[in-house]
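Residue 31 in the numbering used here sits at position 34 of the first sequence, and the numbers go up by one each step. Ideal placement from N, C-alpha and C gives every residue a C-beta, glycine not left out. Bear in mind the structure is a predicted one, so any value in this text is a computation, not a measurement. Data block below; observations after.
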Amino acid sequence: MWLKIEKRMSRRLSTRLFNVCIASLCKAHKLEKAESVIIDGIRLGVLPDVVTYNILIDAYCRFIGLDAGYSVLHRMREAGLTPDIISYNSLLAGATRNCLIDRTLDLFDEMIQRGIAPDVWSYNTLMHCFFKHGKPDVANRVFKDIIHGEHSPSRATFNIMMNGLCKNGYTDNALMLFRNLQRHGFVPGLVTYNILVSGLCKIGKLGSARRILKEIGESGHVPNAITYTTILKCFFRKKKFLEGLELLSEMKSKGYTYDGFAYCTVIGALVKIGKVKEAAEYMMDMMKTGIELDMVTYNTLINMYCKTGEFEEAYKLLDEIEKKGLECDRYTHTIMIDGLCKAGNIEGAARHLKYMNMMGFDSNLVALNCFVDGLCKVGQTDDAMKVYKSMEVRDSFTYSSLVHNLCRERRYHSAAKLLLSCLRSGMKILKSAQRAVLLGLRHSGFTGEAKKLKSKIRIARILSH
DNA sequence: TTAGGGTTAG
-2 MWLKIEKRMS RRLSTRLFNV CIASLCKAHK LEKAESVIID GIRLGVLPDV VTYNILIDAY
58 CRFIGLDAGY SVLHRMREAG LTPDIISYNS LLAGATRNCL IDRTLDLFDE MIQRGIAPDV
118 WSYNTLMHCF FKHGKPDVAN RVFKDIIHGE HSPSRATFNI MMNGLCKNGY TDNALMLFRN
178 LQRHGFVPGL VTYNILVSGL CKIGKLGSAR RILKEIGESG HVPNAITYTT ILKCFFRKKK
238 FLEGLELLSE MKSKGYTYDG FAYCTVIGAL VKIGKVKEAA EYMMDMMKTG IELDMVTYNT
298 LINMYCKTGE FEEAYKLLDE IEKKGLECDR YTHTIMIDGL CKAGNIEGAA RHLKYMNMMG
358 FDSNLVALNC FVDGLCKVGQ TDDAMKVYKS MEVRDSFTYS SLVHNLCRER RYHSAAKLLL
418 SCLRSGMKIL KSAQRAVLLG LRHSGFTGEA KKLKSKIRIA RILSH
């Protein structure tokens, strides 16, 4: 009897240890290694349990994709185990992370059909999903349902609500909700504060963000690297570079080691203002720390090399990305195309554009805009117009760039035509582009045309509102 | 097991 219990206990203990090992491998993105440990475990008699599979579902959803996570659910069933609420919540989180609203709803149906009742975590995720999908009204209905329903809301419920409000342009409402909750005894965590700081920074309310920063200190929490990076980014966006760099040294003096996020913020900002030497110093510093580079970090570095004209280095990084098994994203392609255009290498840009299309990024509006602008800058405005005509989607950047460049070539009538089609499609155009056309027409003797154009602009504006 | 910070163009 005792021997049996002891055996069962030691098996349980080894499964627990085994799961800790699987979890740490998964956390380090080492999914293949985790799978081989599972196989070794089975050989030694340690069978994976529901927790093991749940760890795998979460990891596959995070690092590979929802379908990969879902296939682990099948494997779990084949192994004779029944997925539980945690399995489904991980899949829901995976679907939400990828903004797959239909899949999220299907998964909800599936779990209910299988007799697994969604819990507050499931509803939190559903709410987050609607917010990510730009449906704050529906998310709000889910929120009310949680508040008035059978599940008690968790701190995450409120955090997701506040974050969703901020991300959907309702930062003031998020702040109101926050104050209201505080009056009802809600104790905010650092994440709550960071959500508000981020929301306020995004709408440029740096003063209010700093007040929240002060409140963090008063609440007994200590601002972390996320808090600092958020404010740092806001400083840089507002072109307050010196204050930004000061905050950066404060961050360092308080003992925070910069992570990839902080480095990208700083390097990106320095490159933008042309301080590439300083940016390169931060890059060297980052390399020394041994931070594992991800796609965003690579993109930041490639952008830096493109702006300094060191394309060989940029291509080396592209190779490195491939060797690492990472995949270039729309940012990488845009940065390369823009960089090549800016360096006057329009053939290289065209080649990269072809490659990008081949890789399935053919609807990359930003990259096409860069290419259109690049063609104009090397005097191939007619080719730029051809690309423009072939584009399925255009935006204010497309028009502003073409109008400016047409004016540069004194083709004011063509520029006026484009300007009007932009405004008539309900899009805005840079004020400077508008001025360039009107002034150009006037200076080249078409005063009457300029007057007419001004009236047409006014009417187009009224009609598009 | 969810929620907070980083990369592109006129």
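Integer-rounded CB distance, given that residue j should sit under 8 angstroms from residue i
i: Leu314; j: Tyr328; result: That belief does not hold up - the Cβ atoms of Leu314 and Tyr328 are roughly 13 angstroms apart, past 8 angstroms.
i: Val273; j: Met301; result: 7 angstroms
i: Gly265; j: Ile288; result: 15 angstroms between Cβ atoms; not a contact.
i: Val69; j: Tyr57; result: 5 angstroms
i: Lys449; j: Leu435; result: 11 angstroms between Cβ atoms; not a contact.
Residues near residue i in its chain [Cβ-Cβ closer than 6 angstroms; skip 5 each side]
i: Leu88; result: Gly66 and Leu104
i: Met124; result: Ala136, Val139, Phe140 and Ile157
i: Arg391; result: none
i: Cys338; result: Ala346, Cys367 and Gly371
i: Gln431; result: none
i: Pro463; result: In the structure displayed, the chain extends from -2 to 462; residue 463 sits before or after that span and is not available.
i: Met73; result: Tyr50 and Pro80
i: Tyr225; result: Met248
Whether residue i touches residue j by CB criterion (7 angstroms)
i: Ala364; j: His401; result: no
i: Ile464; j: Pro220; result: Lying outside -2 to 462, the shown extent of the chain, residue 464 is not represented and no answer is given.
i: Ala136; j: Phe127; result: yes
i: Ala413; j: Cys404; result: no
i: Ser393; j: Lys428; result: no
i: Tyr352; j: Val369; result: no
i: Met465; j: Leu267; result: Past the edges of the chain, shown from -2 to 462, lies residue 465, and the structure says nothing about it.
i: Ile82; j: Asp46; result: no
i: Asn156; j: Thr189; result: yes
i: Cys303; j: Ile332; result: yes
i: Tyr260; j: Met283; result: yes
i: Thr168; j: Ser195; result: no
i: Val48; j: Asn16; result: yes
i: Tyr396; j: Gly437; result: no
i: Gly91; j: Leu63; result: yes
i: Asp380; j: Leu372; result: yes
i: Phe233; j: Glu240; result: no
i: Leu417; j: Lys453; result: yes
i: Asn191; j: Ile223; result: yes
i: His148; j: Leu187; result: no
i: Asn165; j: Pro133; result: yes
i: Lys30; j: Leu22; result: yes
i: Val375; j: Ile334; result: no
i: Tyr279; j: Val263; result: yes
i: Ala171; j: Leu178; result: no
i: Ala447; j: Arg455; result: no
i: Glu406; j: Thr444; result: no
Proximity test, residue i beta-carbon vs the ligand GDP heavy atom, cut-off 6 angstroms
i: Gly336; result: Although the ligand GDP was asked about, the structure shown includes no ligands whatsoever.
8 angstroms CB neighbourhood of residue i in its chain, flanking five on each side removed
i: Arg421; result: Ala457, Leu460 and Ser461
i: Ser119; result: Ile82, Tyr85, Asn86, Leu89, Phe105 and Met108
i: Ile318; result: Met292, Tyr295, Glu324, Cys325 and Thr329
i: Gly306; result: Ala340
i: His349; result: His330, Met333, Ile334 and Leu337
i: Ile2; result: Below a pLDDT of 50, predicted positions are generally treated as unreliable, and Ile2, at 49, falls in that range; the measurement from the model is reported next regardless. None.
Cβ neighbours of residue i in the same chain (closer than 7 angstroms, five flanking residues each side left out)
i: Asn354; result: none
i: Lys129; result: Thr93 and Cys96
i: Leu197; result: Thr168, Ser205, Ala206 and Ile209
i: Asn203; result: Strictly speaking, residue 203 in this sequence is Leu, with Asn absent from that position. Once the five neighbours on either side are set aside, the close Cβ partners of Leu203 are Cys231 and Lys235.
i: Thr12; result: Val43 and Asp46
i: Leu362; result: Val390 and Asp392
| field | Completely contained beta strand (DSSP E) runs for the stretch 294 to 373, where each covers 3 or more residues | value | none
_Contiguous alpha helix (DSSP H) assignments of at least 4 residues, all confined to the stretch 87 to 134_ = 98 to 110 and 117 to 129
Runs of alpha helix (DSSP H) lying entirely within the stretch 240 to 290, each at least 4 residues, in chain order:
Along the length of the stretch 240 to 290, whole alpha helix (DSSP H) runs at least 4 residues long occupy 257 to 269 and 273 to 286, reported in chain order.
>> Ignoring anything shorter than 4 residues, give me the alpha helix (DSSP H) runs that lie fully in the stretch 142 to 187, in order along the chain.
In response: 152 to 164 and 168 to 180
Quiz prompt | Start-end ranges of the beta strand (DSSP E) lying completely within the stretch 399 to 443, minimum 3 residues | solution = none
Counting only runs that start and end within the stretch 16 to 96, where is the alpha helix (DSSP H) found for 4 or more residues in a row?
28 to 40, 47 to 60, 63 to 75 and 82 to 94
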